Structures are given as C-alpha cells and as structure tokens.
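Visitor: Going by the numbering used here, the sequence shown opens with residue 4, and the numbers climb by one from there. Positions of the beta carbon are idealized from the N, C-alpha and C atoms, including for glycine. Here the structure is a predicted model, which means the values were calculated and not measured.
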Amino acid sequence: MLGQNEQLQVYQERFRYLYLAVILIGLLLGFRLWYLQVLQGDNFKRIAEENRLKKVIDPAPRGMVFDRNRKLLLDNQPTFSLVITPQYFQTGTESEQKTAIKKLAKITKISSKAIWKALNKAWRQPSFQPVLIKKNLSEDEVALVEMEKIDLRGVDVDVGIQRTNVFGEISAHILGYISKISPKELPKLNQRGRRYAKDDSVGKAGLEQQWEDDLRGVDGVSYLEVDALGLKKREVGQNSQSLLSDLTNRKPVPGKNFVLTIDQDLQNAAAKAFAEEKKTGAIVAIDPNNGEVLAMISWPSFKTTDFSIGVEPTYLHSLFKNENKPLLDKTIKEHYGPGSTFKIISAIAALEEGVIEPYTKVQCGGSFRFGRRNYHDWKRSGFGSTDVVKSLAQSVDVYYYKLAVKMDIDTLAAYAKRLGLGQKTNVRLPGEISGIVPNRDWKLRVKKEKWQKGETLSVIIGQSFLTATPIQLANMIAAIANGGILYRPRIVKQIETPNGEILETTQPEIISENKFQESTLRYIREGLKNAFSHKANGTAKKASIPGIDAAGKTGTTQVVRFTKETLHRDCKKQEKRFRHHGLFVAYAPLQNPKIAVAVVAEHSCSGSVGAAPIAMQVIKTYLGKIDPDKYGEPALAKARKKKFWKTNIIKPEQELEQEESVPESPKLEEDQAASPSDPDNPSALDDLEIGIIPIGGSDA
Numbered sequence: 004m005l006g007q008n009e010q011l012q013v014y015q016e017r018f019r020y021l022y023l024a025v026i027l028i029g030l031l032l033g034f035r036l037w038y039l040q041v042l043q044g045d046n047f048k049r050i051a052e053e054n055r056l057k058k059v060i061d062p063a064p065r066g067m068v069f070d071r072n073r074k075l076l077l078d079n080q081p082t083f084s085l086v087i088t089p090q091y092f093q094t095g096t097e098s099e100q101k102t103a104i105k106k107l108a109k110i111t112k113i114s115s116k117a118i119w120k121a122l123n124k125a126w127r128q129p130s131f132q133p134v135l136i137k138k139n140l141s142e143d144e145v146a147l148v149e150m151e152k153i154d155l156r157g158v159d160v161d162v163g164i165q166r167t168n169v170f171g172e173i174s175a176h177i178l179g180y181i182s183k184i185s186p187k188e189l190p191k192l193n194q195r196g197r198r199y200a201k202d203d204s205v206g207k208a209g210l211e212q213q214w215e216d217d218l219r220g221v222d223g224v225s226y227l228e229v230d231a232l233g234l235k236k237r238e239v240g241q242n243s244q245s246l247l248s249d250l251t252n253r254k255p256v257p258g259k260n261f262v263l264t265i266d267q268d269l270q271n272a273a274a275k276a277f278a279e280e281k282k283t284g285a286i287v288a289i290d291p292n293n294g295e296v297l298a299m300i301s302w303p304s305f306k307t308t309d310f311s312i313g314v315e316p317t318y319l320h321s322l323f324k325n326e327n328k329p330l331l332d333k334t335i336k337e338h339y340g341p342g343s344t345f346k347i348i349s350a351i352a353a354l355e356e357g358v359i360e361p362y363t364k365v366q367c368g369g370s371f372r373f374g375r376r377n378y379h380d381w382k383r384s385g386f387g388s389t390d391v392v393k394s395l396a397q398s399v400d401v402y403y404y405k406l407a408v409k410m411d412i413d414t415l416a417a418y419a420k421r422l423g424l425g426q427k428t429n430v431r432l433p434g435e436i437s438g439i440v441p442n443r444d445w446k447l448r449v450k451k452e453k454w455q456k457g458e459t460l461s462v463i464i465g466q467s468f469l470t471a472t473p474i475q476l477a478n479m480i481a482a483i484a485n486g487g488i489l490y491r492p493r494i495v496k497q498i499e500t501p502n503g504e505i506l507e508t509t510q511p512e513i514i515s516e517n518k519f520q521e522s523t524l525r526y527i528r529e530g531l532k533n534a535f536s537h538k539a540n541g542t543a544k545k546a547s548i549p550g551i552d553a554a555g556k557t558g559t560t561q562v563v564r565f566t567k568e569t570l571h572r573d574c575k576k577q578e579k580r581f582r583h584h585g586l587f588v589a590y591a592p593l594q595n596p597k598i599a600v601a602v603v604a605e606h607s608c609s610g611s612v613g614a615a616p617i618a619m620q621v622i623k624t625y626l627g628k629i630d631p632d633k634y635g636e637p638a639l640a641k642a643r644k645k646k647f648w649k650t651n652i653i654k655p656e657q658e659l660e661q662e663e664s665v666p667e668s669p670k671l672e673e674d675q676a677a678s679p680s681d682p683d684n685p686s687a688l689d690d691l692e693i694g695i696i697p698i699g700g701s702d703a
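1. Mind checking whether asparagine 252 and threonine 283 have CB atoms under 8 Å apart?
2. I need the boundaries of the alpha helix (DSSP H) containing methionine 299, first residue and last residue.
3. Just the C-alpha distance for glutamine 128 and lysine 116, rounded to the nearest angstrom, thanks.
4. In terms of alpha-carbon separation, which member of Ile548, Gly342, Gln40, Glu144 lies closest to aspartate 161?
5. Going along the chain, which residues of its own chain have a beta-carbon closer than 6 Å to the beta-carbon of tyrosine 625, five neighbours each way excluded?
6. In the DSSP output, which residue or residues are listed as bridge partners for threonine 470?
7. Could you tell me which residues DSSP pairs with threonine 111 in its beta bridges?
8. Here's a check: name, in chain order, each residue in its chain whose Cβ is nearer than 8 Å to the Cβ of isoleucine 348, leaving out the five neighbours to either side.
9. As a quick exercise: from Ser609, Lys450, Lys58, pick the residue whose alpha carbon is nearest that of leucine 227.
10. If you reduce the DSSP assignment to three classes, tell me which class phenylalanine 331 lands in.
11. Just to confirm, is the Cβ distance from threonine 523 to serine 343 under 8 Å?
12. Considering only the beta carbon of each residue, do isoleucine 87 and valine 158 sit closer than 8 Å?
13. In terms of residues, what are the limits of the beta strand (DSSP E) holding proline 89?
14. Within its chain, find whatever has a CB closer than 7 Å to the CB of proline 511; leave out the 5 residues flanking it on each side and keep chain order.
15. Is leucine 21 helix, strand or coil when you go by DSSP?
16. Per DSSP, which one or two residues make a beta bridge with leucine 586?
17. Keeping to the same chain, check which residues put their C-beta closer than 6 Å to that of serine 607; ignore five residues upstream and five downstream.
18. Just the C-alpha distance for phenylalanine 345 and arginine 166, rounded to the nearest angstrom, thanks.
19. Can you give me the start and stop residues for the beta strand (DSSP E) that serine 370 sits inside?
20. Would you mind working out which of Arg383, Ser204, His176 sits nearest leucine 189, comparing C-alpha positions?
21. Alpha carbon to alpha carbon, how far is tyrosine 403 from threonine 557? Give it in angstroms, no decimals.
22. Find the nearest neighbour of lysine 646 within the set His583, Pro631, Lys538, Ile629, judged by alpha-carbon distance.
23. Quick check on asparagine 123: does DSSP put it in helix, strand or coil?
24. Using alpha carbons as the reference points, say which of Glu151, Gln90, Asn168 lies closest to glutamine 132.
25. Counting only runs of 3+ residues fully inside the stretch 355 to 395, write out the beta strand (DSSP E) ranges in chain order.
26. Output needed for glutamate 656: all residues of its chain with C-beta closer than 7 Å, excluding positions within five of it in sequence on either side, in chain order.
27. Return the first residue and the last residue of the alpha helix (DSSP H) that phenylalanine 323 is part of.
28. For the beta strand (DSSP E) that contains serine 515, what are its first and last residues?
29. In three-state terms, what does DSSP make of lysine 137?
30. At what residues does the alpha helix (DSSP H) containing asparagine 168 begin and finish?
31. Three-state secondary structure (DSSP) at threonine 3?
32. Quick one: what's got a C-beta closer than 6 Å to alanine 272's C-beta in the same chain, skipping five residues either side?
33. Could you tell me which residues DSSP pairs with aspartate 61 in its beta bridges?
34. Residues in its own chain within less than 6 Å of methionine 299 by CB, not counting five upstream and five downstream?
35. Assign glutamine 520 to one of three DSSP states: helix, strand, or coil.
36. Using C-beta distances below 7 Å, list every residue in its chain close to leucine 330, excluding the 5 sequence neighbours before and after it, in chain order.
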C-alpha cells in the first residue's frame, strides 16, 4: 500500500532502541546472576546454612562473693525455664500443636489457655525468638519435658543462673542485686564498651552495680545444626564439614571473685538485734585501724534473690508500700540529725579553740534563755556544776548552749567536716549522699537568709539543719578511737580469679589526719567512757556489758516539731511516725580499739534504749571472735558475776530521773513565734556562769 513502507521504516528505527534495551537488560541480569552465584555464592550459601543453625548462649557465672572469713555470700545456682520457639512450633499441624500444649499444661500445672495466651501475646516478636512459658521449673518438670521432647516441637528448657544471697535478706543493700536490662538501659550500657543483649541481667544496686564489670564474666557461645522441627542434629564447629566449620564454640569465662571486709557473723548479729528489738534503721561498724567495714546493715531488708529471676509484682508492690522503706539503703542514702552524738565534735572544737579548758566548770540548770527563747535541757532539774567530761557522759544540753554563745558556726562546721560530716566518705558503693553541715555560706546559698546566732545553739547539740549518714557517724567515732585519722571506708578486701589467684588487694586510704591535742582526746575519751558508767550516771549505763570496756555517746533527734501541748508527752505514747530517732556511737575496747560502731534506731525515742543495745551486741560478737579468752561468753559470765557482788553498786536514788530524751532547745515559749531563727541578742551573754574550778571538784 502506498506510504506503508515509509511507516515501516519509521518503526524499524524505533525497534533498534527496543533491541538495545532488551540487550542491556539481558546483560544486567546476566551480570547480576554472575555476581550472586560466583562472587557472592559462598556468602549466600553461608546465610542459607545459618538459617538452619541455632546459636546457643551459655551465660557466664558471675563472680562469687565471700566475707572476710571466706563464708560464701553470693552464689550462682542453676534455674530452668520453659520456652517455646514459634518458628519451630508452627511447623506442626494444628492437632500436633494442641497435643503439645496439653502435655505441657499437664507437666507444668499451667492451664492450656494460659500457654496459648502467652504465645498469642508474643505474635509481634520475631518467630525465632523464644517465648517464656514458665520460670523456675522443678527437676521433675525438667525431666518430664526432656522425656517428651520428641513430640514437643519448638519446646526447650532454657538453663539460666539464679544469683542467690546465701543469707536471705541479710546484707541485701551492701551486696545489691541483678535483674533484666530494660530497653531504656540497653543503649546506655552498651556505650560503656561491654556488649549486652536484650535478655541479659546487670547489677542494679550495691556491690553488684558498683563492680559490675569485674563480677560479670564473658558469656560462652555454641552453634547447633537443627532440622525443620528445631531438633538438634549436631554441633557446628571447626570439625564440621561445611562452610560454617570456621565458627568457634566459646566456653564461658566466669567473673572475678570478691573477698569483702564484712564479717557475716556481725551482719547476722545486727540483723537479729534489729529484729528482736523490733527496730528499723541502720548500723555501720568499722575497724578504726584501717577503715575496713566490718558490718553494714539497713533494716528492714528484702530478698535480692527474687530480683535475679524476675520479682513477683505482688512482692515488689509490698516493698514499695512498706512505710519502713526496705529498698532504701539507710547506711549511705539516708541522713538523720545526729542529735547528741554531735556533742563529741562540739566539745573537741571548744577545747581545741580554747573556748574552754578541760577543767572549766559551767553551772547548768534546766534551761538556758537566749534572746526571747528558753532552750531546755532534757533533764528538767538540770545538772549543776558540769565540766566537759560530765557533759558528754550525761549529755548536758545547757553546757553546750552556753558554749554556742561563744563559738562561731563556721568554726563548728569546719571541725565537723574535718571529722567527715557534710561530705561523702567515698565508700565504693553507689548512691551515697553527703548530708548537711550548715554554715553562713550554706544558709545564704540555700535558704537565701543570713545565719542567726540562735541557730548555733541548735546545731551545737546536733539539731536544726545538721544531718549525717550512719556511715559518716561510724567514721567519725572511728577517728576518735584511733587518735584523729579519718580513713576511707572499704568493703572490698581483695579481688581474685575463679581459681583463687589474687589480682588485687586493697590498701587503707587516709582521707585526713587530725592533729588534736593529747589532752583534748584524753578528756573526750574519758567522757565517752563514763557514758557507760553507773557511778557517773552515764546515759548508756543500761547498755553496758560487764567485761567489755567501751566508750560511746547516745543521741536523740526529733522527726517533727511539737506544739506546747504535746511537748512534754511521753515519746512512747506518741504515734510511731512522730517518735524521736535514737542514735548511738561507740568504740571498744578502750585500749587499742578494734571496732567502732554507729547505730540509728528509727522512732525508738532515745539512743540509750533504742540504739545502744544493738550496737553493744555487735561489739560483743566481734570482740568475742577476735579475743575469746577475754571477751568470750565464759569470760563475760565471770565478769557479770563479779559485778553482781560488788558492794559499790549505784543506789536506786542516784539513777537519773528519766532516759535521755530529745532536748527541748528548739522549742518556743508561749509568747514566741514559730521561727527557729531568732535574731542575735547580746543580752543573753549575761546568763553565762562560766568559771574555773579544779577538775577534782566535778560531780560527774
């Protein structure tokens, strides 16, 4: 047809481009096939083979923890969990799946409905990821599952490690616990250089957290070849005849072992004393010669073992709801007003600064008026003529009120900090707080107010803004015992390999050395010794143990402010949460002290009744261990018998009117405002009755 050839010529020109495109596509496909099959063939064959591999992680046991006498504290015990891997479970028919679930329900005593619910709940996660059905399988349950394994596609018993506190709740806070890593924690932990997986556990508190990198070992890994049902065919390794023969099975490497300075016998004695006395609080015991922590208990406590295997929600809820705060480590994370235990520092400051001499006598009535306020002593009738020894033994508040008028708060604060208050001790545990030692700069910075002289009267007896942790108080009294050396508290004695080879032995670290006058320490120690004396009417006399020569100081601190109507009520009749805290610090023996102790007994009304008996039980236990001939039960029984028959036993009428209670110094008279910050009033100086009297005239 006319013109048809011309049209064909036009299309033929276009076909050339089509032919060229087809050729190019063919070349690209051919190149891609060559790339996949020749260049990348081995890699893709590896991937194909890996699809039939199962990577098995063998968790490394965490390092073992022992006390100073090699008693095992933290152990690793195997735990078994039932898991189902959907990738293999779903290869069975519907009938086979139902049969498997029924068998598992019968073995585990879990309903079939609950097992199906667990599987359905995990439908969004990858099918190769195991689904947890039951934790803590018994040995019988494990055996039954293994017996039925051939008919249970995708069902496995996962072996894990349960971190076990051998002594239950005792030492929970210092040892800490481990638990599963949360999704938020995982990226932060992996930034540290150690690789953690989703289901790994990590130290969350105490020693477990602080020394995580050393306690955590290196997990082992092995590769298993499985069939379509997920059943093991053979191990894959360097002896396998496949492209995966270069995969290496790695054995787990256990973590390092730790030997602590803690004495578990003292831990047990402290926990028993708190439980028997029905008290809550904290105790810290330190060797004053090197800073080793001998005991460290926060009470009540909790079961750390439960956290390592997944704590039950009901138990966790009960811990959070408990008003006694069992999860809080009160030894380093809670601060309290030190009460009259602070008078030790106040007396040292006054002696060292020349405000008083050891033989200075002060007339102490039942109260001291400063400005528009009366500051009351805990003993209404007062104490009469008092020197520094008597002021410590009987805890005379008015003595210190009168000292406060002549002392500067910054000077007092400086001595407190020299003895470790107001700053962290830097014990190797997480979460320590520093407490508060107020001075002029502190109040101006925090309260935006100037310091008032009347506030010094409260601080000098351990009240007002002043707070300290139990470990600080223990370190303070340890420094008094050893002559002024403040050590950094240590809880780790040495670190070892799993085979017992010593890797590191810790050494004493001195924070500061206080060069106090010899006479200062002599009179301070005399006052602390007399606190236990019946003859000197000491506040801790009822806690004294015949045969044990100790020195100590009681203390009581308010938790709430009382009105004029409730001020004089019996503390024990108050609602518990309004009762005073009792404190006590002590060391023993007097010559060459071996142990220094600080106790806080919450809401126990007084240090003499609430805290001192607990401290003395720990001291008795320790001295009886290190010197049984002198402080063992037979020797103490003989001392008790000797004391009973002594003729100079104190007469009943010589007893104090009452137990030492919280002083009434911060309390206001009826015409006062409710502010603790009265302006300075020079007229108060007229009330001072300080004179120099030979020490032999003391009535202490």
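Guide: This is what the structure holds:
1. Position 249 of the sequence shown, counted from the first residue, corresponds to residue 252. Position 280 of the sequence shown, counted from the first residue, corresponds to residue 283. Annotated as distal: asparagine 252 and threonine 283, with beta-carbon spacing of 8 Å or more.
2. As a first step, residue 299 is located in the sequence shown; it is residue number 296 there, counting from the start. Run containing methionine 299: none in the alpha helix (DSSP H); it sits in the beta strand (DSSP E), 296 to 302.
3. The count along the sequence shown starts at 1 and reaches residue 128 at position 125. The count along the sequence shown starts at 1 and reaches residue 116 at position 113. Roughly 20 Å separates the two Cα atoms.
4. Here residue 161 is taken as the residue at index 158 of the sequence shown, counted from 1. For the set Ile548, Gly342, Gln40, Glu144, the Cα lying nearest the Cα of aspartate 161 is the one of Glu144.
5. Counting from one through the sequence shown, the residue named residue 625 turns up at place 622. By the criterion of a C-beta distance shorter than 6 Å, tyrosine 625 is surrounded in its chain by Leu269, Ile598, once the five residues flanking it on both sides are discounted.
6. Here residue 470 refers to the residue found at position 467 of the sequence shown. Secondary-structure assignment with DSSP links threonine 470 through a beta bridge to Ile439.
7. Locating residue 111 in the sequence shown gives position 108, where the first residue counts as 1. Listed as beta-bridge partners of threonine 111 by DSSP are no residues whatsoever.
8. The residue labelled residue 348 in the question sits at position 345 within the sequence shown. Once the five neighbours on either side are set aside, the close Cβ partners of isoleucine 348 are Leu415, Tyr418, Ala419, Leu422, Leu424, Met479.
9. Here the question's residue 227 lines up with position 224 in the sequence shown. Of the candidates Ser609, Lys450, Lys58, the residue whose Cα lies closest to the Cα of leucine 227 is Lys58.
10. Stepping through the sequence shown from its first residue, residue 331 is reached at position 328. As written in the sequence, residue 331 is leucine, which differs from the phenylalanine given in the question. In this structure, leucine 331 counts as coil in the three-state DSSP scheme.
11. Residue 523 sits at position 520 when you count from the first residue of the sequence shown. Residue 343 sits at position 340 when you count from the first residue of the sequence shown. Contact: no.
12. On the sequence shown, residue 87 is found 84 positions in, with the first residue counted as 1. On the sequence shown, residue 158 is found 155 positions in, with the first residue counted as 1. A contact, by the Cβ cut-off of 8 Å.
13. Counting from one through the sequence shown, the residue named residue 89 turns up at place 86. In the DSSP assignment, proline 89 falls outside any beta strand (DSSP E) and lies within the alpha helix (DSSP H) extending over 89 to 92.
14. Stepping through the sequence shown from its first residue, residue 511 is reached at position 508. Counting only Cβ-Cβ distances below 7 Å, and skipping sequence neighbours, we find Asn293, Gly294, Tyr490.
15. Translated into positions along the sequence shown, residue 21 becomes position 18. Here DSSP, grouped into helix, strand and coil, assigns leucine 21 to helix.
16. One-based indexing of the sequence shown puts residue 586 at position 583. DSSP lists Gly558, Val603 as the beta-bridge partner residues of leucine 586.
17. Within the sequence shown, residue 607 is the residue found at index 604, counting from 1. Lys282, Gly585, Gly613, listed in sequence order.
18. In the sequence shown, residue 345 corresponds to position 342, counting from 1. In the sequence shown, residue 166 corresponds to position 163, counting from 1. Taking the straight line joining both Cα atoms gives about 41 Å.
19. Locating residue 370 in the sequence shown gives position 367, where the first residue counts as 1. Membership of serine 370 in the beta strand (DSSP E) is indicated by the continuous run 370 to 373.
20. In the sequence shown, counting from the first residue as 1, residue 189 sits at position 186. Of the candidates Arg383, Ser204, His176, the one whose C-alpha sits nearest the C-alpha of leucine 189 is Ser204.
21. What you label residue 557 is simply residue 554 of the sequence shown in a count that begins at 1. What you label residue 403 is simply residue 400 of the sequence shown in a count that begins at 1. Those two C-alpha atoms are separated by around 15 Å.
22. Position 643 of the sequence shown, counted from the first residue, corresponds to residue 646. Selected option, being the one with the closest Cα: Lys538.
23. Sequence index remark: in the sequence shown, residue 123 carries index 120 (1-based). In the structure shown, asparagine 123 falls within a helical segment according to DSSP collapsed to helix, strand and coil.
24. Taking the first residue of the sequence shown as 1, we reach residue 132 at position 129. The residue with the shortest Cα to Cα distance from glutamine 132 is Gln90.
25. Fully enclosed beta strand (DSSP E) runs of 3 or longer: 363 to 367, 370 to 373, 376 to 379, 387 to 389.
26. By 1-based counting over the sequence shown, the position of residue 656 is 653. Since pLDDT at glutamate 656 reaches only 40, below the 50 mark, its modelled position is unreliable, and no value is offered.
27. For the purposes of this step, residue 323 is taken as the residue at position 320 of the sequence shown. Residues 316 to 324.
28. Mapped onto the sequence shown, residue 515 falls at position 512. Per DSSP, serine 515 is one residue of the beta strand (DSSP E) stretching across 513 to 516.
29. Indexing the sequence shown from 1 puts residue 137 at position 134. Of the three classes helix, strand and coil, the one that applies to lysine 137 here is strand, per DSSP.
30. Within the sequence shown, residue 168 is the residue found at index 165, counting from 1. DSSP places asparagine 168 outside any alpha helix (DSSP H); the residue lies instead in the beta strand (DSSP E), whose first and last residues are 158 to 168.
31. A question about residue 3 goes unanswered here, because the residues of the chain that appear run from 4 up to 703.
32. Here residue 272 refers to the residue found at position 269 when the sequence shown is read from its first residue. Taken in chain order, the residues that qualify are Gln620, Val621, Thr624.
33. Residue 61 sits at position 58 when you count from the first residue of the sequence shown. Note: aspartate 61 sits in a beta bridge opposite Gly223.
34. In the sequence shown, the residue the question calls residue 299 occupies position 296. Excluding sequence positions up to five before and after methionine 299, its CB lies within less than 6 Å of the CB of Ile177, Val287, Thr334, all in the same chain and listed in chain order.
35. Your numbering for residue 520 matches position 517 in the sequence shown. In this structure, glutamine 520 counts as coil in the three-state DSSP scheme.
36. To locate residue 330, count along the sequence shown from 1; it is residue 327. Taking C-beta separations shorter than 7 Å and ignoring five residues to either side along the sequence, the partners of leucine 330 in its chain run Phe305, Leu322, following chain order.
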